[in-house]
Amino acid sequence: MEVVNKKWPEDYFFRQRKSVLAMWPTGNDVDLAEAVEYHKKMPPSKNAALKVLEAREKSISYFCPSSGTDTIDAHKELLLYLQNVGKVDLLTSYIDSLTRNCRFEAAEQGLKKALENRKAVLNGFPMAVHGVKGNREVMEALDLPVLMFGPTPDVRLTHEIGLAGGHTGYSGGPLISFWNYTKNVPVEAVIHNFQYTHRLLGYYEEKGVPILYCVSGAMPAVSPPSLMIAPEIIEVLIAAEQGVKHIQLNNWLQGNIAQDIAYILTFKKLAQEYLARSGHGDVETTTYSVSPTGRFPSEHERVFALIGYYTMIGLLGHVQVIGSRTIDEAHHIPTKEGTALSFRCARMMAGMLQAQGVNILDNEAVKVESRMMEKEVRAILDRVIEIGEGDLVLGTKRAIETGVLDQPYATTQLVKGKVMGVKDSEGAARFFDFGELPFDKEIRDYHKEKIQERENRVGKKVGYETIINDMMAISNGVIVN
Amino acid sequence: MEVVNKKWPEDYFFRQRKSVLAMWPTGNDVDLAEAVEYHKKMPPSKNAALKVLEAREKSISYFCPSSGTDTIDAHKELLLYLQNVGKVDLLTSYIDSLTRNCRFEAAEQGLKKALENRKAVLNGFPMAVHGVKGNREVMEALDLPVLMFGPTPDVRLTHEIGLAGGHTGYSGGPLISFWNYTKNVPVEAVIHNFQYTHRLLGYYEEKGVPILYCVSGAMPAVSPPSLMIAPEIIEVLIAAEQGVKHIQLNNWLQGNIAQDIAYILTFKKLAQEYLARSGHGDVETTTYSVSPTGRFPSEHERVFALIGYYTMIGLLGHVQVIGSRTIDEAHHIPTKEGTALSFRCARMMAGMLQAQGVNILDNEAVKVESRMMEKEVRAILDRVIEIGEGDLVLGTKRAIETGVLDQPYATTQLVKGKVMGVKDSEGAARFFDFGELPFDKEIRDYHKEKIQERENRVGKKVGYETIINDMMAISNGVIVN
Amino acid sequence: MNKPGGINPSARKGILVTGVIGEDVHVTGIRILEHALRKAGFIVHSLGIHNSQEDFINAAIETNADAIMISSLAGHAQLLVEGFRDKCIEAGLEDILLYIGGQLVIHAEDWDNIEKSFKDLGFDRVYKPFVLPEPVIADLENDLGLP
Amino acid sequence: MNKPGGINPSARKGILVTGVIGEDVHVTGIRILEHALRKAGFIVHSLGIHNSQEDFINAAIETNADAIMISSLAGHAQLLVEGFRDKCIEAGLEDILLYIGGQLVIHAEDWDNIEKSFKDLGFDRVYKPFVLPEPVIADLENDLGLP
Ligand code: B12
Ligand code: B12
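Chains as they are written, first to last, in numbering that gives the first Met the number 0: chain R, 0 to 480; chain Z, 0 to 480; chain E, 0 to 146; chain U, 0 to 146.
Set out below in structure tokens:
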């Protein structure tokens with residue numbers, strides 16, 4: 000069957016489901032009807048989708064760390080600590096990278112080693128290996144909602160087990176998984192896997208259990224935000240088609256305030272517009288912001304400044320959920336203490352800013368950024384839809400082949416990889432190479448002009464060295480140098 | 000002789016000077032002509048006044064900690080560490096509080112104890128006790144300019160020795176010293192002492208040595224900024240009259256961004272206007288911002304957030320020099336390590352923001368705040384000048400007697416002490432009690448309305464409990480609760 | 000600034016002299032404590048800042064005080080209260096309660112050591128930084144034998 | 000993505016196989032290193048991410064490589080390289096240089112222990128996190144006996 004953007008018939012889903020559950024013995028334990036009942040008995044305060052709607056209603060921002068470790072006991076202790084000492088509002092179970100690649104046997108071995116050595120071996124929580132019961136043991140110890148976290152090309156079994164185990168959300172998506180977590184898996188295969196998980200989420204929704212799905216599009220690497228927003232909106236639409244009803248829009252902060260705020264505004268506006276256009280106006284959207292993915296400074300005092308800084312941008316953008324890296328980022332998997340300290344720092348920033356309702360959304364620079372960004376995203380998406388001859392998935396596949404959708408520093412070898420970003424003199428990400436992006440002259444001139452400004456300031460042409468430099472700049476203490 | 004705002008005749012100054020130098024044996028070592036020569040041989044990069052002008056010209060912000068300890072060796076080590084590891088741009092010698100009260104003998108005893116125990120006893124650097132040579136030993140070990148720091152009713156001998164010892168600036172002023180550092184010294188006595196130090200600074204200026212003088216007006220305690228700006232402008236004018244040529248305007252941040260930015264804008268505008276009006280248009284002004292004086296949170300992670308936060312406000316206000324409390328604030332006199340970490344955190348924030356030249360100065364909320372603040376300051380100052388029958392010092396004296404100039408939580412018993420501030424629902428400081436301030440209905444209504452908003456939100460009247468609460472709010476994690 | 004709380008005169012629990020000692024200017028903490036003490040029914044004679052040992056003793060004699068409560072934040076407390084208990088005894092204040100609080104030392108020292116050194120100097124109660132009014136009031140009631 | 004730097008073919012200093020091992024996706028660091036290696040005159044065969052031990056060995060045989068440079072950041076390096084030196088020997092790559100770098104372990108451990116454990120596994124050079132390209136190039140030149 001060709002992968003297209005169409006809701007899966009129930010029987011197709013259930014046929015797929017058999018082989019998914021057979022991927023690892025723990026699959027047998029999943030009983031969907033029982034799982035739905037289990038969720039219905041959980042207090043609503045432990046449901047991630049409801050919690051973020053509450054934030055939207057109250058116009059406040061909640062905090063959510065990303066963390067997870069291997070054994071049940073350690074993971075439980077970690078999340079409890081973040082709940083009680085870190086004082087966060089939502090929690091996540093980070094999926095370890097072996098599980099993310101369905102290497103369940105290796106994950107199980109790692110887990111065994113961890114149990115023997117009484118010390119973490121895996122870099123996350125192997126949901127699938129722990130089975131439904133193991134997941135529930137952790138969930139039941141907590142008072143907060145927990146999301147599963149982590150892009151990966153095939154998260155189907157993990158979804159089955161993690162959701163039945165009491166998780167009420169997932170962060171990750173087909174395109175980010177394709178660009179940044181695969182080497183040669185075709186995009187349509189990744190999308191097909193995600194249609195499965197979306198259909199599963201949709202199933203829970205149909206039965207009255209709201210589940211939060213967080214798209215993330217593509218990882219930035221000095222990338223102008225349209226490079227993230229376009230794939231994110233595609234992820235939104237693919238998910239909505241399968242029946243997902245609660246979608247969180249992930250905003251990747253890169254540090255230039257005007258550009259980051261414009262990202263938040265533009266993404267929300269266009270996501271809602273495209274959802275409505277494709278008949279999914281009933282999908283609830285909320286927003287999330289998170290500090291960037293580049294190398295972090297190694298000194299705590301500098302990271303604390305960054306945590307405060309990115310938290311501030313999220314607050315100024317009035318997002319519902321704020322995520323953050325931690326003071327441990329450069330060194331090792333965050334400890335529970337490091338994570339708690341980081342989020343307490345973030346919350347202090349919120350404590351100062353939140354009450355003020357500072358409004359910089361009408362700032363001139365934000366407006367200029369938003370206008371260009373919107374033009375760029377529309378240009379990409381409209382071309383994707385056009386070459387898909389009406390089908391978004393086909394369009395996506397063809398757009399990737401032709402470079403209409405493209406990414407710098409992707410891990411997959413199945414992309415053009417021609418686009419490339421560089422910072423302008425104010426630290427905003429601009430297109431150094433437009434690759435095959437379908438942009439008009441106004442957009443191109445805008446980016447060239449901004450790069451020109453930087454060249455004038457430093458007195459030399461920007462090149463590949465500049466780009467590498469830009470990727471390291473923040474970890475060296477400045478947004479751009 | 001009655002104290003009036005008039006430049007001291009040279010002979011009057013030199014007559015006073017004899018008794019000042021006689022206050023402590025080290026006074027004998029000061030040779031003014033030699034000191035001027037000494038300064039002229041110092042590299043310009045070690046002159047504070049020139050350094051801040053450089054920041055103004057380059058449109059950047061420099062960092063300046065406030066610190067000092069008792070022995071020569073320890074103070075040298077401290078400042079060297081802040082220079083080399085803290086990477087700050089200007090340094091200060093904090094004056095210990097015994098010296099600030101001219102208890103030189105007690106300070107000397109403390110110093111002896113410190114030398115014996117090899118551990119700090121005093122809470123600052125006792126310039127006067129160390130004499131010119133001791134001061135120079137510290138200055139010569141450094142590459143950066145150093146200011147003397149600390150309000151006090153009588154800093155005359157310390158100025159003589161500190162300046163001859165190579166310091167190139169001082170922060171403090173007659174009114175802040177009166178309000179916040181005395182119990183029953185009449186304001187005219189404090190002003191007279193400061194006229195002496197201003198005249199001394201003016202003397203250096205006449206001989207071609209620029210010296211930076213930093214006013215600070217009054218310490219905020221949930222105080223609407225006009226309560227600080229009005230006395231600060233009086234300090235500016237008193238200093239300018241005696242020949243001070245480089246004045247730094249101190250902006251006391253309290254955390255509400257619109258109000259803090261409006262403070263910076265309004266103060267600068269009015270200071271320059273009043274200077275020009277009184278014939279001192281040639282005085283160079285620069286700006287400084289510093290985190291608030293209230294109780295600080297005790298947890299490092301929260302203080303780091305605050306340091307970043309207040310640094311951000313200073314940067315958004317485009318001040319030339321940014322000061323900051325440190326992560327040690329709540330616990331003990333800051334260590335060199337704590338100070339360095341704090342300023343490295345602050346600089347990281349600058350590293351992110353500075354290049355962006357974010358402009359929020361035309362923000363609507365900032366404009367509203369600025370307009371009201373300007374009205375308030377003008378109302379106070381114009382009344383001061385009026386009741387002084389043309390003389391600013393007389394006016395100040397009478398204004399304090401009648402409550403036209405007033406402060407909450409002053410340490411002096413010679414004020415009305417009727418004004419009182421409370422936070423509004425966005426954390427800005429408003430007048431809870433106007434005391435005898437000469438404000439019109441528009442101003443009064445504005446503050447009442449803002450307080451009303453908070454009362455509506457929390458559903459009860461604000462009172463003394465609220466005010467106490469407000470003083471502790473930030474140390475408890477929120478700007479207002 | 001000496002704002003009395005809403006005192007019920009029949010509920011006067013004791014007479015206190017409060018103030019900041021030495022060249023210290025930190026007045027906010029003791030002001031807040033005074034407010035709470037008055038609200039709890041004590042009579043508070045507030046000396047503000049810049050008081051010598053003699054200032055405290057004279058005020059205590061004048062007002063017939065039950066306790067002297069010294070605040071000190073600038074870090075010089077140890078230098079400033081040496082011999083204070085002896086002077087109190089000399090002045091005939093054998094039984095007066097002596098409390099001290101604020102931020103007493105300038106180093107990050109072990110609390111037990113700090114407390115001991117002030118108790119050795121004759122203080123009945125020594126408070127950690129940031130202590131809230133409630134426990135202080137409870138101690139006073141206890142030390143004064145109030146119900 | 001395999002962007003060659005400006006290589007001077009006569010200056011070819013050696014043939015290198017580079018890549019990320021295992022399920023790890025951290026590609027940025029090795030890409031930057033590759034760029035620097037090419038600029039320094041080496042021939043670089045980049046395998047990108049998701050490589051098994053066999054992928055490295057096959058590529059090294061095919062290209063007649065002088066060294067294999069493995070990057071690993073996700074923290075599973077120890078699990079992933081066990082037995083690698085033996086497999087190299089089995090495959091006839093007795094003399095090949097093995098370098099490894101990135102962020103090798105998930106705990107804050109003593110560096111000497113970490114280095115030793117990877118040397119015991121047969122690596123010639125083990126690099127601390129955040130190492131810049133320059134010292135790596137110097138080591139390569141040294142180990143390959145280049146002037
Ligand atoms: C505000 C402040 C100031 C203001 C004071 C304004 C004023 N008029 O009160 C200003 C800026 C003037 C100031 C000046 C200085 N300060 Co100051 N200041 C502070 C700060 C930030 C907060 C103090 C405060 O107001 N707290 C809020 C009140 C409500 O709390 P509190 O005072 O702790 O009081 C509570 C309890 O402790 C208790 N309590 C207090 N006293 C007593 C007494 C008794 C008997 C009892 C039972 C209870 C009790 O009740 C209160 C209510 O709960 C602290 C650091 C911090 N904590 O964050 C530094 C701090 C106290 N200052 C310090 C210093 C060194 C100084 C200076 C000497 C600096 C210098 N070298 O120039 C000068 C003092 C000059 C002088 N002549 O005294 C140090 C003290 C060092 C130490 N003890 O180890 C501190 C810790 C800052 C630091 N890290 O260096 N300061
Ligand atoms: C960016 C990043 C990511 C990006 C990667 C994007 C990409 N495609 O590259 C994303 C978000 C995808 C990611 C994912 C994950 N990450 Co990550 N990531 C980072 C981060 C923030 C920066 C890495 C980076 O790009 N550095 C910049 C480059 C230029 O530097 P570099 O990689 O260090 O390389 C330099 C040198 O080390 C050296 N070098 C590198 N390799 C080699 C090899 C040789 C032979 C030599 C000589 C030299 C050398 O040369 C380079 C130039 O100087 C680091 C933390 C940090 N450092 O700040 C965490 C970090 C490496 N990630 C970590 C983890 C755990 C993960 C996840 C497993 C998280 C999870 N549980 O889901 C997943 C991985 C999933 C998977 N399947 O692999 C951990 C690793 C833990 C550990 N080792 O102790 C870190 C330390 C973060 C943390 N604190 O948890 N990550």
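Ideal Cβ placement from N, Cα and C applies to all residues, glycine included.
Values in this document were obtained by computation on a predicted structure and should not be read as measured data.
Annotation for Met419 (chain Z): the continuous beta strand (DSSP E) segment containing it runs 419 to 422. The residue from U:Lys12, U:Glu108, U:Val26, U:Glu133 with its alpha-carbon nearest to that of Ile69 (chain U) is U:Val26. Under a 10 Å Cβ-count criterion, Trp110 (chain E) is classified as exposed, with fewer than 16 other Cβ atoms of the shown protein chains found around its own Cβ. Straight through space, the alpha carbons of Leu380 (chain R) and Asp405 (chain R) are spaced by roughly 12 Å. Against chain Z, a Cβ distance below 8 Å from Gly47 (chain E) picks out Lys182, Thr410, Gln412.
One Cα belongs to Gly144 (chain U), the other to Pro134 (chain U), and the distance between them is close to 15 Å. Taking the Cβ of Gln108 (chain Z) as the reference point, every heavy atom of ligand 2 lies at 7 Å or farther away. Annotation for Asp432 (chain R): the continuous beta strand (DSSP E) segment containing it runs 428 to 432. Tyr80 (chain Z) and Val137 (chain Z) have their C-alpha atoms roughly 12 Å apart.
Looking at the DSSP output, Trp7 (chain Z) bridges to nothing.
Put simply, of U:Ser51, U:Arg11, U:Ile56, U:Ile95 the residue whose alpha carbon is nearest the alpha carbon of Phe41 (chain U) is U:Arg11.
Across the set R:Ile359, R:Met311, R:Thr334, the C-alpha of R:Met311 shows the shortest separation from the C-alpha of Cys344 (chain R). According to DSSP, Gly168 (chain R) shares a beta bridge with R:Leu211. Spatial neighbours of Phe12 (chain R) in its own chain (CB-CB distance under 6 Å, excluding positions within 5 residues in sequence) are listed in chain order as Arg198. Non-local C-beta neighbours of Ala106 (chain Z) in its own chain, meaning closer than 8 Å and more than five positions away in sequence, comprise Asp95, Leu97, Thr98, Leu121, Pro125, Ala127, Val128, ordered along the chain.
By the rule that beta-carbons nearer than 8 Å mark a contact, Gly254 (chain R) touches chain Z. Within the segment 277 to 333 of chain R, complete alpha helix (DSSP H) segments of at least 4 residues are found at 299 to 315, given in chain order.
Scanning the segment 64 to 108 of chain E from its first residue to its last, the whole alpha helix (DSSP H) runs of 4-plus residues come out as 76 to 80, 83 to 89. For Ser92 (chain Z), the uninterrupted beta strand (DSSP E) run begins and ends at 90 to 93, by DSSP. Between Val35 (chain Z) and Val154 (chain Z), the C-beta gap is not smaller than 8 Å, which leaves the two residues out of contact. With respect to Gly100 (chain U), Tyr126 (chain U) sits close: the two C-beta atoms are nearer than 8 Å. Just measuring C-alpha positions, the residue of Z:Ile190, Z:Gly322, Z:Leu52, Z:Asn27 sitting nearest Gly130 (chain Z) is Z:Asn27. Rounded to whole angstroms, the Cβ separation of Ile67 (chain U) and Ala59 (chain U) is 5 Å, and the two are in contact under 8 Å.
Listed along chain U are Ala73, Gly74, His75, Ile105, each with a C-beta nearer than 8 Å to that of Asn122 (chain R).
Under the Cβ criterion of 8 Å, Tyr463 (chain R) is counted among the residues facing chain U. It is roughly 7 Å from the alpha-carbon of Asp469 (chain Z) to the alpha-carbon of Lys422 (chain Z).
In the displayed model, Val19 (chain Z) falls within a helix according to three-state DSSP.
At least one heavy atom of ligand 2 is found less than 7 Å from the C-beta of Thr292 (chain R). Separation of Met41 (chain R) and Gly18 (chain E) (C-alpha to C-alpha, rounded to the nearest whole angstrom) is 56 Å. Interface residue (Cβ-Cβ distance to chain E less than 8 Å): Ala398 (chain Z) is not classified as such.
Residue state for Asn250 (chain R) is assigned as strand, using DSSP reduced to three classes.
Look at Met41 (chain R) here: in three-state DSSP terms it is coil, with no helix or strand label.
Interface flag for Ile359 (chain Z) against chain R is set, since a Cβ pair is found closer than 8 Å. A Cβ-Cβ contact shorter than 8 Å links Phe303 (chain R) with Ile326 (chain R). Going by C-alpha positions, Asp88 (chain Z) is about 19 Å away from Asn475 (chain R). In chain order, Ser424, Glu425, Gly426, Val477, Ile478, Val479 make up the part of chain R whose C-beta sits under 8 Å from the C-beta of Ala354 (chain Z).
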